[in-house]
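Structure first, then comments.
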Amino acid sequence: GARGPPLRQLAPAPADAKARVLLAMRGGEARMSAAQAFGLYAPAMGVLTSNALYFSALPAVLAARKSGDLGPFNPLPSTIMIHSVFGWLCYGLAVSNPWIVASNLPGAGAVLATFAVMLPLMGNSHPALSACQLTFVGGAMATLCLWTGLVFAQVSAAARATLVGYFASAIFVVLAASPLSTIRTVLSTRDSASIYTPLTLAQCANTLLWTVYGVAAAKDVFVYGPNGIGLCLGLVQLLLKLVFPTRKR
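Residue numbers (this note's numbering): 6 to 254.
So, in structure tokens, the structure goes:
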């Protein structure tokens, strides 16, 4: 999910504010506010939930490799995830934010492994093959064109980080919506097997954390905006899973 505000970095807390937080953690008289608590713990928790999202599809494709068939697994979200993780990784490096980098660097390896294992299993007849190929190539070219424009336009470092943040946010919203690409199949067959449950649960947990953090601590629309949208889309997926349970095969 969105790991930090694309338009601005949060200002470091004053020394007396840090002291109050540490005093509250140690059982002192000062009480830690909700904003202080989320500001302190949410980034650390976000490292776990973000990487859980990126690793969520890997077990399924490894199991599919043994059987030689992807079955109802929807490969499009895993393809978009490559561009999402690299978009946020680029943003984290652009603003030198270790929390954002840590939230995405392990996941980069996971999504690349997922795609590498998944693609041969799609063969030449999978209905989503063309969409995945176009997404992979198109997303890579969009990223390269963005950086080419930023470098040769000689934009400032702050403006560069802002534009990369917008780019990463947009890709994340597309990623959050991508499991619903099979919604027509779900409604027509009354079977939600194509909506992968671990991915949906990871999406909801990750976006809920960052939405609450964005509202309570960061107070920045560019934190809670894309994550709030992602949370709503994740809840729609959960609703479909409840209304149209996966049929046993």
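Note that CB positions come from ideal geometry on N, CA and C, so glycine has one too.
Counting only the same chain and skipping the five closest in sequence on each side, list residues whose C-beta sits under 6 angstroms from that of Ala210.
The residue labelled residue 210 in the question sits at position 205 within the sequence shown. Cβ neighbours of Ala210 beyond the five flanking positions: Thr54.
DSSP three-state label for Val116, please.
The residue labelled residue 116 in the question sits at position 111 within the sequence shown. Residue state, collapsed to three classes: helix.
Apart from the five residues on each side of it in sequence, which residues of its chain come closer than 6 angstroms, Cβ to Cβ, to Pro111?
For the purposes of this step, residue 111 is identified with residue 106 of the sequence shown, where counting begins at 1. Excluding residues within five positions, the ones whose Cβ falls inside 6 angstroms are Asn56.
Between which two residues does the alpha helix (DSSP H) harbouring Phe249 extend?
If you number the sequence shown from 1, residue 249 lands on position 244. Note, Phe249: premise wrong, no alpha helix (DSSP H); not H, not E.
Does DSSP put Gly230 in a helix, in a strand, or in coil?
Here the question's residue 230 lines up with position 225 in the sequence shown. Looking at Gly230 - three-state DSSP - the assignment turns out to be helix.
Just verifying my parser: in three-state terms, what is the DSSP assignment at Lys71?
Sequence index remark: in the sequence shown, residue 71 carries index 66 (1-based). Helix.
Sub-8 angstroms separation of Phe120 and Ile87 beta-carbons:
Counting from one through the sequence shown, the residue named residue 120 turns up at place 115. Counting from one through the sequence shown, the residue named residue 87 turns up at place 82. Yes; because the gap between Cβ atoms is below 8 angstroms, this pair is in contact.
My guess is that Leu243 and Leu185 are in contact by the Cβ rule of under 8 angstroms, so how many angstroms apart are they, rounded?
To locate residue 243, count along the sequence shown from 1; it is residue 238. To locate residue 185, count along the sequence shown from 1; it is residue 180. Actually they do not touch by this definition, with Cβ atoms about 12 angstroms apart.
With DSSP collapsed to three states, give me the class of Asp133.
If you number the sequence shown from 1, residue 133 lands on position 128. The sequence as given places Ala at residue 133; Asp does not occur at that position. Three-state result, Ala133: coil.
How about the stretch 85-100 and the stretch 135-148: do they share at least three Cβ pairs that are nearer than 8 angstroms?
yes
Spatial distance of Leu155 from Gly233 (CA atoms)
In the sequence shown, residue 155 corresponds to position 150, counting from 1. In the sequence shown, residue 233 corresponds to position 228, counting from 1. Whole-angstrom Cα-Cα distance: 28 angstroms.
Val220, DSSP secondary structure in three states
Taking the sequence shown and counting its residues from 1, the one referred to as residue 220 is at position 215. Three-state DSSP puts Val220 in a helix.
Alpha helix (DSSP H) containing Phe172: first to last residue?
Locating residue 172 in the sequence shown gives position 167, where the first residue counts as 1. Segment Ala162 to Ala182, the alpha helix (DSSP H) holding Phe172.
At least three beta-carbon pairs within less than 8 angstroms, the stretch 189-207 to the stretch 146-161:
no
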